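Let me begin by presenting the structure, written as structure tokens, before commenting on it.
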Amino acid sequence: MGRWSYAAHAPADRAHDVQLRTVLAPRALVAEGGPMRRPLTLLLTTLGALALAWQHTALARAAIHRDAPSTTGRAATRAGSDTVLWMEMRNVDLHINRKNAMRVRSLRGQVLTKPGAVAWLDDPASFRIRATSGVVALDGDAITSLLNEVAFNYPGAPITNLRVTIENGSVVQRGTLHKGVALPFQMWSVPVLQPDGRLRLHPDRLKILGVNGLALMHALGLHMDRMMDLGKAHGASVQGDDIYLDPLQIIPPPVVEGKLAAVRVEGAFLVQEFARTPDDSIFGTFVVADSGSRNFVYFRGGSLRFGRLTMTDTDLLIHDVDERDPLDLYFAEYNRQLVAGHTGNLPNLGLRTWMVDYGKLETVSLEKTFSRR
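If you read the sequence shown in the working numbering, its first letter stands for residue 3, the second for the next number, and so on.
Quick look at the structure:
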């Protein structure tokens with residue numbers, strides 16, 4: 003800024019006046035100093051005039067460059083977008099294990115990794131997703147798997163053999179409560195979203211050994227937190243008669259970060275809606291999936307590794323071969339789905355793949371699929 007402001011305060015006419023006064027100076031100096039000083043004075047004066055003229059020209063050029071439109075800023079902005087990896091999912095059954103999946107109606111966000119690392123599709127634990135918006139639905143089987151395999155999967159867990167169903171607007175849990183002896187229980191509750199993002203499950207009804215569990219406990223001066231110790235549970239806790247679940251803590255990799263805006267029961271699904279963030283505006287501008295795509299996963303910008311390949315300025319769209327139902331995707335075995343499908347490159351070096359649903363792989367001969375290529 004110092005040089006730019008200097009050019010702004012030294013207009014051409016002022017610089018010209020300075021040069022003019024300098025060039026006229028020798029005549030006065032000769033009169034005062036005499037003939038012996040004339041050559042030295044003339045040399046110094048001439049050099050000074052040339053220096054000022056050169057400086058004036060340089061400043062004028064700098065002013066022109068300053069006022070000219072710059073492409074560096076635009077290039078930097080584009081480079082900044084290209085270094086961030088974004089992901090969008092739509093109509094995807096994202097598997098949490100071989101049997102069960104979460105219904106991702108939509109999920110958009112930024113793909114994050116450890117500093118210097120590249121997200122690797124083969125290892126979902128290598129990256130996490132910072133959600134900018136989304137709607138995810140889980141049925142009873144998916145919730146059952148998450149609670150048994152993540153939340154209460156540790157030695158001495160007070161709850162085992164848990165099975166979850168969604169009935170008449172309530173989440174119903176059936177399982178075995180361990181408190182000295184094994185106690186079969188059933189609990190009905192309606193999930194309520196808390197300000198900190200957890201779900202509060204307050205028992206509207208509780209049966210232990212087939213009797214009214216709440217009445218029995220309260221008659222003995224007990225509450226649920228005295229019946230079960232969830233200190234070692236992952237993403238689950240108990241306070242009084244209420245069980246609290248952190249839904250973002252109990253899903254397997256890739257980890258999803260974000261703030262839940264709403265939770266509701268819709269038919270046989272527990273639906274979770276993410277709060278929209280300002281960054282979500284990048285979708286539909288820089289991040290735009292191909293028109294007509296219905297069931298897909300789209301990665302754009304940044305770097306992404308899959309198999310033995312690494313893609314920079316990523317433009318990867320994973321389509322569903324059969325869009326009559328959601329894309330059934332299991333990251334742990336995505337390569338089998340990729341081999342069963344087909345792939346094409348775009349003129350701009352983007353990559354498009356069409357995957358066979360994970361649940362339909364048994365009906366596809368991978369050897370025949372490969373031999374046709």
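Glycine included, each C-beta is placed from N, C-alpha and C at the ideal position.
Source: prediction; values computed, not measured.
Worksheet item: Grouping DSSP H, G and I as helix and E and B as strand, with all else coil, what is P186?
Response: Your numbering for residue 186 matches position 184 in the sequence shown. In this structure, P186 counts as strand in the three-state DSSP scheme.
Worksheet item: If you follow the beta strand (DSSP E) that V174 is part of, which residue opens it and which one closes it?
Response: Mapped onto the sequence shown, residue 174 falls at position 172. V174 -> beta strand (DSSP E) spans S172 to K181.
Discussion item. With H, G and I counted as helix, E and B as strand and the rest as coil, what does DSSP make of R132?
Written reply: Taking the first residue of the sequence shown as 1, we reach residue 132 at position 130. Of the three classes helix, strand and coil, the one that applies to R132 here is strand, per DSSP.
Worksheet item: What are the boundary residues of the alpha helix (DSSP H) that R338 is part of?
Response: Reading the sequence shown from its first residue, position 336 is the one you call residue 338. Judged by DSSP secondary structure, R338 falls within the alpha helix (DSSP H) whose first and last residues are Y336 to A342.
Worksheet item: Do L185 and P160 have their C-beta atoms closer together than 8 Å?
Response: By 1-based counting over the sequence shown, the position of residue 185 is 183. By 1-based counting over the sequence shown, the position of residue 160 is 158. It is not a contact, given that the beta carbons lie outside the stated cut-off.
Discussion item. Within the continuous beta strand (DSSP E) that includes A217, where are the two ends?
Written reply: To locate residue 217, count along the sequence shown from 1; it is residue 215. Here A217 belongs to no beta strand (DSSP E); instead the alpha helix (DSSP H) covers G215 to A221.
Item to complete: Inspect the beta-carbon positions of M89 and Y300 and report whether they are closer than 8 Å.
Response: Taking the sequence shown and counting its residues from 1, the one referred to as residue 89 is at position 87. Taking the sequence shown and counting its residues from 1, the one referred to as residue 300 is at position 298. If you check the CB distance, M89 and Y300 come in under 8 Å.
Fill in: Candidates T316, A291 and R354: closest to V323 by CA position
Working through the sequence shown from its first residue, we reach residue 323 at position 321. Of the listed residues, the one whose Cα sits closest to V323 is R354.
Item to complete: Can you have a look at Y332 and say buried or exposed, based on whether 16 or more other CB atoms are within 10 angstroms of its CB?
Response: For the purposes of this step, residue 332 is identified with residue 330 of the sequence shown, where counting begins at 1. Counting Cβ neighbours within 10 Å, Y332 comes out buried, since at least 16 surround it.
Fill in: Beta-carbon separation (whole angstroms), R165 vs N297, contact threshold 8 Å
Locating residue 165 in the sequence shown gives position 163, counting from the first residue. Locating residue 297 in the sequence shown gives position 295, counting from the first residue. Between R165 and N297 a beta carbon distance of about 29 Å is seen, past the 8 Å cut, so the two are scored as non-contacting.
Discussion item. Please report the straight-line C-alpha distance between V137 and L222, rounded to a whole angstrom.
Written reply: Start at 1 with the first residue of the sequence shown, and residue 137 comes out as number 135. Start at 1 with the first residue of the sequence shown, and residue 222 comes out as number 220. Going by the C-alpha atoms only, they are around 42 Å apart.
Discussion item. So, for N155: in the same chain, excluding its five sequence neighbours on each side, which residues have a beta-carbon less than 8 Å away from its beta-carbon?
Written reply: Here residue 155 refers to the residue found at position 153 of the sequence shown. In its chain, beyond the 5 residues on either side, H236 have a beta carbon closer than 8 Å to the beta carbon of N155.
Discussion item. Does the CB of A119 have a neighbour CB from chain D at under 8 Å?
Written reply: Here chain D cannot be found, since the structure has a single protein chain.
Worksheet item: What three-state label does DSSP hand G111 in the structure shown?
Response: For the purposes of this step, residue 111 is taken as the residue at position 109 of the sequence shown. Looking at G111 - three-state DSSP - the assignment turns out to be strand.
Worksheet item: Is the CB-CB distance between A291 and A277 below 8 Å?
Response: Here residue 291 is taken as the residue at index 289 of the sequence shown, counted from 1. Here residue 277 is taken as the residue at index 275 of the sequence shown, counted from 1. For A291 and A277, no; Cβs fall outside 8 Å.
Worksheet item: For N350, which residues from the same chain have a beta carbon less than 8 Å from its beta carbon, with the 5 sequence-adjacent residues on both sides left out?
Response: Within the sequence shown, the letter at position 348 stands for residue 350. Closer than 8 Å at Cβ, skipping near neighbours: D317.
Item to complete: Pull up the CB-CB distance for I145 and A270, whole angstroms please, since I reckon it's below 8 Å.
Response: Stepping through the sequence shown from its first residue, residue 145 is reached at position 143. Stepping through the sequence shown from its first residue, residue 270 is reached at position 268. Rounded, the Cβ-Cβ distance is 11 Å, inconsistent with contact.
Item to complete: Tell me, please, which residues DSSP counts as bridged to Q241.
Response: Position 239 of the sequence shown, counted from the start, is the residue given in the question as residue 241. Per DSSP, D244.
Fill in: Cα-Cα separation, L247 to L348
Within the sequence shown, the letter at position 245 stands for residue 247. Within the sequence shown, the letter at position 346 stands for residue 348. Rounded to the nearest angstrom, the two C-alpha atoms are 44 Å apart.
Worksheet entry | Through-space distance from Y336 to V289, alpha-carbon basis | For the purposes of this step, residue 289 is identified with residue 287 of the sequence shown, where counting begins at 1. For the purposes of this step, residue 336 is identified with residue 334 of the sequence shown, where counting begins at 1. Straight-line measurement puts the Cα of Y336 at about 23 Å from the Cα of V289.
Practice prompt. Give the DSSP-derived three-state secondary structure of P193 in the structure shown.
Written response: For the purposes of this step, residue 193 is taken as residue 191 along the sequence shown, with counting starting at 1. Here P193 sits in strand by DSSP.
Practice prompt. In angstroms with no decimal places, state the Cα-to-Cα distance between R307 and V174.
Written response: On the sequence shown, position 305 is the one that residue 307 refers to. On the sequence shown, position 172 is the one that residue 174 refers to. Taking the Cα positions, R307 is about 41 Å away from V174.
Worksheet item: E259: which of K101, L109 and V94 sits nearest, CA to CA?
Response: By 1-based counting over the sequence shown, the position of residue 259 is 257. Nearest C-alpha to E259: L109.
Worksheet item: How about A139 and I252: do their beta carbons lie closer than 8 Å?
Response: Translated into the one-based positions of the sequence shown, residue 139 becomes position 137. Translated into the one-based positions of the sequence shown, residue 252 becomes position 250. Contact: no.
Practice prompt. Name the residue from Q112, T134 and W190 whose alpha carbon lies nearest to the alpha carbon of G303.
Written response: Here residue 303 refers to the residue found at position 301 when the sequence shown is read from its first residue. If we check each option's Cα against that of G303, Q112 comes out closest.
Worksheet item: L232: buried (16+ other C-beta within 10 angstroms of its C-beta) or exposed?
Response: What you label residue 232 is simply residue 230 of the sequence shown in a count that begins at 1. Buried, since its Cβ has 16 or more Cβ neighbours within 10 Å.
Worksheet item: For P157, is the classification buried or exposed, using 16 other Cβ atoms within 10 angstroms of its Cβ as the cut-off for buried?
Response: On the sequence shown, position 155 is the one that residue 157 refers to. Counting Cβ neighbours within 10 Å, P157 comes out exposed, since fewer than 16 surround it.
Worksheet entry | Reference I284; option with closest CA among F129, N99, D124 and T134 | Working through the sequence shown from its first residue, we reach residue 284 at position 282. Closest option to I284, Cα to Cα, is T134.
Worksheet item: Measuring CB to CB, does L329 end up less than 8 Å from D141?
Response: As a first step, residue 329 must be located in the sequence shown, where it is residue number 327. As a first step, residue 141 must be located in the sequence shown, where it is residue number 139. No; because the gap between Cβ atoms is not below 8 Å, this pair is not in contact.
Worksheet item: So which of V120, D281, R310 and Q274 has the shortest CA-CA distance to G199?
Response: Residue mapping note: residue 199 aligns to position 197 of the sequence shown, counting from 1. Out of V120, D281, R310 and Q274, Q274 has the C-alpha closest to the C-alpha of G199.
Fill in: Span separating the alpha-carbon of K116 from that of R130
Within the sequence shown, the letter at position 114 stands for residue 116. Within the sequence shown, the letter at position 128 stands for residue 130. Near 9 Å, if we compare the C-alpha coordinates of R130 and K116.
Fill in: C-beta contact flag for H321 and S293 at 8 Å
The sequence position of residue 321 within the sequence shown is 319, counting from 1. The sequence position of residue 293 within the sequence shown is 291, counting from 1. Contact: no.
Item to complete: Specify the secondary structure class of P157 as computed by DSSP and reduced to three states.
Response: Within the sequence shown, the letter at position 155 stands for residue 157. Collapsing the DSSP output to three states places P157 in coil.
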